[in-house]
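Notes to accompany the following structure.
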Amino acid sequence: MGALALFVLFAGLTILCQLRCGMLGGKIERGEASPEELDRMRAQAKWFAAAAAVSLAVCIAIGAAALR
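Numbering (our numbering), first residue to last: -14 to 53.
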């Protein structure tokens, strides 16, 4: 159950970061934010997406082991 909770957490954080990237893109167009902020947010979103993928793989492995 813990791996599933981690997947939900990291998937949610990935979505949140992607939404923030969209908002930062608009701010950059208006000159209210720097492109470096967007690069940092994209890097953070990639880390969260990778963590979500790993936790999903763990969930699948646990589920497969439980079926044996």
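Every residue, glycine too, gets a C-beta built ideally from N, C-alpha and C.
In this text, all values refer to a predicted model and were calculated from it rather than measured experimentally.
Per the coordinates, the alpha-carbon of Leu4 lies some 26 Å from the alpha-carbon of Cys44. Boundaries of the alpha helix (DSSP H) harbouring Glu21: Pro20 to Leu52, taken from the DSSP string. By alpha-carbon distance to Thr(-1), the top candidate from Gln29, Gly(-13), Arg25 and Ala(-12) is Gln29.
DSSP, reduced to helix, strand and coil, places Met(-14) outside both helices and strands of the structure shown, so it counts as coil.
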